[in-house]
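Step one of this worksheet: look at the structure below.
Residue numbers (this note's numbering): 355 to 809.
The following block contains the structure:
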């Protein structure tokens, strides 16, 4: 039953165990009084039956009038962490309100606190809005997984003065709690995978050549490969570049496998299982993309996040700034978009691969090596079409790194490696820092060898 239907059902007054017991005893006494003609207990029997019925009527005609304001601290929380939920409950009735219990409703994946006693509320005060007609409530809520969850409304349980009947009513509305994917810290020394090797697609503009073109300076983030001064690098023991161009913001592309087109569907492999848990492999891919994106944004990169099956389109919702995410604020926008990302639903029978729409893979014209954009693919279980899309994209990206979960088939890995993608397996989020260093080292060696061969 949905939360709305369940709330409507609970909005009807019902008897408590005490009220049921009193009504049963009254009914028994009423029957005995009629059977044995015991008029002395007939009055007691009538009271036992009438009191629970009167309690039901009392609750039906005396609904509470409450206003609820809900806030989260912090307003956006990472999966596995906790947030503080603060409630401000205001009595809008001219009668005092007490003897009630409260419980905050929430999505099944969250665990709100158990039912507790609601402090007494005085009658509404128009002159002093912060008087005893308002009470503050607070509790901690742990967020087990990423997503956007409804928290609320507030359920208020009211009983009559004798505890014979009870009614559950809701106050206020629901509010979205954004739970972002976990972010694994990466080593700052190797944080700029493509930038360290001078292969960033920088937003540059040419200046007039002058004598400064031949002056070597130390490497700076975003310098392209063709500006590396190999002779000065050999003499100084560190990367040196020719100071001939003005640099712009470095740019990097993250391709996330959101379709899972290569997966064979099973009854328990839908978007969520019966407990509401998401696909672990897909969640690992989202965590990898979040960790890479946040780290690179912190290093001054402009990051684009595209789906693997359609790298020309951005993930929905579109980033607030055209051309991708950038600092400041880009990390928060990226995490919010990933929090709202839903895995695909797989409802095909057992053993049958899920059909995917086939799009012709347009060939990508090769570009100059120094103008290629770095790309990192995060693969969960791509289809053959998605792999061919990455193969076609390879001439326009440098370096080309793919982090693959265990669910990626060996056939897909071999196809990407044949196309000169560097594929690195990641079994869990804790393996990402080591995989990131491995990717950086391999990309650095490939770029250095390519740069010497092209110079």
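By construction, the Cβ of each residue, glycine as well, lies at the ideal position given by its N, Cα and C atoms.
Option in the options with minimal Cα separation from residue i
i           : options               : result
residue 787 : 495, 586 and 538      : 538
residue 526 : 458, 590, 592 and 472 : 458
residue 743 : 682, 392 and 610      : 610
residue 444 : 396, 410, 469 and 508 : 508
residue 522 : 586, 785 and 511      : 511
residue 745 : 492, 771 and 469      : 771
residue 774 : 755, 467, 795 and 663 : 755
residue 490 : 468, 690, 440 and 456 : 440
residue 695 : 386, 529 and 661      : 661
Contacting residues, own chain, Cβ-Cβ under 7 Å from residue i (five flanking each side not counted)
i           : result
residue 449 : 477
residue 583 : 570, 594, 595 and 596
residue 428 : 437
residue 373 : 406, 409, 518 and 519
Neighbourhood of residue i by C-beta, 6 Å cutoff - its chain only, sequence neighbours within 5 removed
i           : result
residue 790 : 540
residue 655 : 604 and 606
residue 384 : 399
residue 486 : 476
residue 452 : 474
residue 628 : Bear in mind that a pLDDT of 39 at residue 628, under 50, signals an unreliable position, so the model cannot answer this.
residue 640 : 535 and 692
residue 614 : 698, 734 and 735
Buried versus exposed, by CB contacts within 10 Å (16 or more), residue i
i           : result
residue 388 : exposed
residue 390 : exposed
residue 651 : buried
residue 581 : buried
residue 425 : exposed
residue 607 : buried
residue 637 : buried
residue 380 : buried
residue 307 : Past the edges of the chain, shown from 355 to 809, lies residue 307, and the structure says nothing about it.
residue 589 : exposed
residue 376 : buried
residue 517 : exposed
residue 683 : exposed
residue 392 : exposed
residue 728 : buried
residue 366 : exposed
residue 653 : buried
residue 734 : buried
Same chain, Cβ closer than 8 Å to residue i, neighbours up to 5 away in sequence not counted
i           : result
residue 412 : 514 and 519
residue 688 : 644, 647, 648, 651, 657, 659, 673 and 679
residue 782 : 638
Distance cut-off 7 Å: residue i Cβ against heavy atoms of the ligand NAD
i           : result
residue 505 : Among the components modelled here there is no ligand, and therefore nothing to report on the ligand NAD.
Checklist entry - What are the uninterrupted segments assigned as alpha helix (DSSP H) that are 4 or more residues long and contained completely in the segment 741-786, given in chain order? => result The segment 741-786 contains these whole alpha helix (DSSP H) runs: 764-772.
Item to check | the segment 494-506 / the segment 517-533 touching (three or more Cβ pairs under 8 Å) | outcome: Judged by Cβ distances under 8 Å, the segment 494-506 makes contact with the segment 517-533, as three or more pairs qualify.
Item to check | Minimum length 3: unbroken beta strand (DSSP E) runs contained in the segment 462-546 | outcome: Taken in chain order, the unbroken stretches of beta strand (DSSP E) that lie wholly in the segment 462-546 and span 3 residues or more are 470-472, 488-496, 501-513, 519-525 and 529-534.
Checklist entry - Pairing CB atoms from the segment 394-401 with CB atoms from the segment 418-425, are three or more of them under 8 Å? => result Flag = no, the segment 394-401 and the segment 418-425 do not touch.
Item to check | alpha helix (DSSP H) runs wholly inside the segment 388-466, at least 4 long, in chain order | outcome: The qualifying runs are 396-414.
Item to check | the segment 427-436 contacting the segment 460-472, beta-carbon criterion three pairs below 8 Å | outcome: Result no; under three Cβ-Cβ pairs closer than 8 Å.
Checklist entry - Considering only residues of the segment 572-597, which uninterrupted beta strand (DSSP E) runs meet the minimum length of 3 residues and lie entirely inside it, listed in chain order? => result Entirely contained in the segment 572-597, the beta strand (DSSP E) runs reaching 3 residues are, in chain order, 594-596.
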